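Novice: Oh and the sequence shown: position 176 is 176 in UniProt numbering, straight run, nothing missing. Beta carbons are placed, not taken as given, at the ideal position from N, Cα and C, and that holds for glycine. This one's a predicted model, so the numbers in the text were calculated from it and none came from an experiment. Can you read through this structure? Questions will come right after.
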Amino acid sequence: MVAVKAGDVEGALRRPDPRIGVFLFYGPDMGLINERARMVAERSVDDASDPFQMIRIDGDDIAADPGRLADEAGTMGLFGGKRAIWVKSTSRNIAPAVDAVLKGELQDTVIVIEGGDLQKSSPLRTLCERSQKALALPCYADEAKNLGVVVDETLKAGGFSIQRDARTALIASLGGDRLATRGELNKLMLYAHGQREITLADVDAIMSDVSSLAMDAVIDAAFAGEGTGLETGSRRLAAEGVNASVLLGAALRHALMLLTARLTVEEGRSIPAVMETMRSLHFRRKPLVERHLQRWTGDSLKNAISLLQANLLQTRRMADLGDTIAAKTLLDIARTARR
Numbered sequence: 001m002v003a004v005k006a007g008d009v010e011g012a013l014r015r016p017d018p019r020i021g022v023f024l025f026y027g028p029d030m031g032l033i034n035e036r037a038r039m040v041a042e043r044s045v046d047d048a049s050d051p052f053q054m055i056r057i058d059g060d061d062i063a064a065d066p067g068r069l070a071d072e073a074g075t076m077g078l079f080g081g082k083r084a085i086w087v088k089s090t091s092r093n094i095a096p097a098v099d100a101v102l103k104g105e106l107q108d109t110v111i112v113i114e115g116g117d118l119q120k121s122s123p124l125r126t127l128c129e130r131s132q133k134a135l136a137l138p139c140y141a142d143e144a145k146n147l148g149v150v151v152d153e154t155l156k157a158g159g160f161s162i163q164r165d166a167r168t169a170l171i172a173s174l175g176g177d178r179l180a181t182r183g184e185l186n187k188l189m190l191y192a193h194g195q196r197e198i199t200l201a202d203v204d205a206i207m208s209d210v211s212s213l214a215m216d217a218v219i220d221a222a223f224a225g226e227g228t229g230l231e232t233g234s235r236r237l238a239a240e241g242v243n244a245s246v247l248l249g250a251a252l253r254h255a256l257m258l259l260t261a262r263l264t265v266e267e268g269r270s271i272p273a274v275m276e277t278m279r280s281l282h283f284r285r286k287p288l289v290e291r292h293l294q295r296w297t298g299d300s301l302k303n304a305i306s307l308l309q310a311n312l313l314q315t316r317r318m319a320d321l322g323d324t325i326a327a328k329t330l331l332d333i334a335r336t337a338r339r
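Here is the structure:
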């Protein structure tokens, strides 16, 4: 039985058992699945651009014709040499097709499968975990340690160094999907073109949406009970023409997020532990959101959600009074937070 833990995947790929003919990548991080599948497939052939060496097949086609995978695996290359069959993910079951391949002999052919987010009971995952000829490799969202490696390697390859505080801020802003991480890093390097070192100002310029941050600041002030920051920020948003329903909609989403987190805390989990799960939260907001979780209870958040829902509807019905309704609603929330 060959089952690999998430933290051991990189090591397993560096030193793969020569008996392994099928590599199954699965998990919630589709970007990481694609990146690793591409790496293994391209490393397995002499020329990845040669369509006779690199064969790409859609998983739906294999599900419709289970014998096709075995036929491709048993086909000799036109000019000999190694071959890779790269199978794209599908929601349909291709385990029977893979099983047929594993029962035979793979000679100079590697099969790489992007499996998607497979459950533990998935036939394909179970098959590959139990076979001595296959590896089932989990792909989960990058943790800070792994992100640091990705950031350092990518920037170094691009000819950049990065300041320590900028690196910390950058890592805190990334995660969730490897493909998205690569995209953000590429944008950052393009922005910093012509300089050798990336600064905190560069990271803020690329990773932050100014109008979004201004709205977040107003919402954070409201849920923290900070009247001054709330009043100043609300006036700024109104002057910039931010729609009142958009502002209350963002506040409602924030309240719903807080409610989920707060209920987890009330079930016995610590606030710092809950904060660790909020990977998509901008790093500058994390201390403020932690204060929100300390100030609010599950019941008080439910009341705030009801208030926001009712007044969000009012801003749409009475658009002319939208700014006034939004300001009063957030002020009421701030007053509740101060109690």
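Taking buried to mean at least 16 other C-beta atoms within 10 Å of its own C-beta, is Gly-115 buried or exposed?
Specialist: Classification of Gly-115: buried, given that the 10 Å Cβ count is 16 or more.
Novice: From which residue to which residue does the beta strand (DSSP E) around Arg-291 run?
Specialist: Premise fails: Arg-291 lies in the alpha helix (DSSP H), 286-295, not in any beta strand (DSSP E).
Novice: Tell me where the alpha helix (DSSP H) around Thr-228 begins and ends.
Specialist: Start and end: 227-239.
Novice: Give the straight-line distance between the Cα atoms of Gly-27 and Asp-320, rounded to the nearest whole angstrom.
Specialist: Each residue's alpha carbon lies about 48 angstroms from the other.
Novice: Please list, in chain order, all residues of the same chain as Leu-237 whose beta carbon is under 8 angstroms from its beta carbon, the five residues on each side excluded.
Specialist: Excluding residues within five positions, the ones whose Cβ falls inside 8 angstroms are Ala-214, Met-215, Val-218, Leu-247.
Novice: Mind checking who Ile-206 pairs with in its DSSP beta bridge?
Specialist: Partner(s): none; Ile-206 has no beta bridge.
Novice: Looking at the strands, I want to know which residues DSSP matches up with Asp-60.
Specialist: Looking at the DSSP assignment, Asp-60 forms no beta bridge with any residue, so it has no partner.
Novice: CA-CA distance, Ala-70 and Ala-100?
Specialist: One C-alpha to the other measures close to 7 angstroms.
Novice: Among Ala-84, Pro-51, Ala-95, Trp-296, which has the Cα closest to the Cα of Gly-67?
Specialist: Cα-wise, what sits closest to Gly-67 is Ala-95.
Novice: Between Arg-262 and the rest of its own chain, which residues show a CB-CB distance below 8 angstroms, the 5 nearest in sequence each way excluded?
Specialist: So the qualifying residues of the chain are Leu-293, Trp-296, Thr-297, Gly-298, Leu-301.
Novice: Please look up how many angstroms separate the CB atoms of Thr-324 and Ala-304, rounded, as I've assumed it's under 8 angstroms.
Specialist: At roughly 19 angstroms, the Cβ-Cβ gap does not stay under 8 angstroms, so Thr-324 and Ala-304 are not in contact.
Novice: Do Ser-161 and Ile-198 have their C-beta atoms within less than 9 angstroms of each other?
Specialist: Yes.
Novice: Give the range of the beta strand (DSSP E) segment to which Gly-104 is assigned.
Specialist: Unbroken run through Gly-104: none, as it is neither H nor E.
Novice: So for Lys-187, helix, strand or coil by DSSP?
Specialist: Helix, per DSSP.
Novice: Assess contact between the stretch 33-41 and the stretch 18-25, defined as three or more Cβ pairs (one per stretch) separated by less than 8 angstroms. Is contact present?
Specialist: Contact between the stretch 33-41 and the stretch 18-25 is present, because at least three Cβ pairs lie under 8 angstroms.
Novice: On the DSSP bridge list, what partners appear for Phe-25?
Specialist: The partner list for Phe-25 (beta bridge, DSSP) reads Glu-114, Leu-137.
Novice: Check whether the stretch 279-290 and the stretch 167-182 are in contact - that is, three or more C-beta pairs closer than 8 angstroms.
Specialist: The stretch 279-290 is in contact with the stretch 167-182.
Novice: In the DSSP output, what is Ser-161 paired with across the bridge?
Specialist: DSSP lists Glu-197 as partners of Ser-161.
Novice: Compute the Euclidean distance between the alpha carbons of Asp-29 and Pro-138, then round it to the nearest angstrom.
Specialist: Taking the straight line joining both Cα atoms gives about 9 angstroms.
Novice: Among the candidates Glu-153, Ala-97, Asp-152, Asp-117, whose CA atom is the shortest distance from the CA of Leu-127?
Specialist: Of the listed residues, the one whose Cα sits closest to Leu-127 is Ala-97.
Novice: Could you have a look at Lys-302 and say whether DSSP puts it in helix, strand or coil?
Specialist: Three-state DSSP puts Lys-302 in a helix.
Novice: Nearest-angstrom Cα distance between Gln-107 and Arg-56?
Specialist: Taking the straight line from one Cα to the other gives about 18 angstroms.
Novice: With DSSP run on the structure shown, which of helix, strand or coil describes Ala-84?
Specialist: Strand, per DSSP.
Novice: What does a CB cutoff of less than 8 angstroms around Gly-159 pick up in its chain, not counting 5 residues either side in sequence?
Specialist: Within the same chain, Gly-159 has close Cβ partners Arg-196.
Novice: Assuming Ser-245 and Ala-327 form a contact by the criterion Cβ under 8 angstroms, report the distance between their Cβ atoms to the nearest whole angstrom.
Specialist: 13 angstroms between Cβ atoms; not a contact.
Novice: Excluding five sequence neighbours on each side, which residues of the same chain lie with their C-beta closer than 6 angstroms to the C-beta of Ile-33?
Specialist: Contacts found: Phe-25, Glu-114, Cys-139.
Novice: For Met-54, does the three-state DSSP call read helix, strand or coil?
Specialist: The answer is strand: DSSP assigns Met-54 an E or B state.
Novice: Indicate the three-state DSSP secondary structure (helix, strand or coil) for Ser-245 in the structure shown.
Specialist: Reduced to three states, the DSSP call for Ser-245 is helix.
Novice: Taking the alpha-carbon of Gly-249 as reference, which of Asn-311, Thr-75, Asp-50 has the nearest alpha-carbon?
Specialist: Comparing Cα-Cα distances from Gly-249 to each of Asn-311, Thr-75, Asp-50, the minimum goes to Asn-311.
Novice: How far does the alpha helix (DSSP H) with Arg-125 in it reach, from first residue to last?
Specialist: That run of the alpha helix (DSSP H) goes 123-130.
Novice: Closer than 8 angstroms by C-beta to Ala-205: which residues in its own chain qualify, once you throw out the five before and the five after it? Chain order, please.
Specialist: Cβ within range, chain order: Tyr-191.
Novice: Assign Asp-119 to one of two classes, buried (16 or more other C-beta atoms within 10 Å of its C-beta) or exposed (fewer than that).
Specialist: Inspection of the sequence shows that residue 119 is occupied by Gln rather than by Asp. By the neighbour-count rule (16 or more Cβ atoms within 10 Å), Gln-119 is not buried but exposed.
Novice: State yes or no: is the C-beta of Leu-135 within less than 9 angstroms of the C-beta of Ala-12?
Specialist: Against a cut-off of 9 angstroms, the Cβ pair of Ala-12 and Leu-135 comes out as a contact.
Novice: Going by C-alpha distance, which of Asp-202, Ala-84, Thr-90, Ser-44 is nearest Gly-59?
Specialist: Ranking Asp-202, Ala-84, Thr-90, Ser-44 by Cα distance to Gly-59 puts Thr-90 first.
Novice: Would you kindly work out how many angstroms separate the C-alpha atoms of Glu-266 and Leu-258, rounded to a whole number?
Specialist: Approximately 12 angstroms, taken between the alpha carbons.
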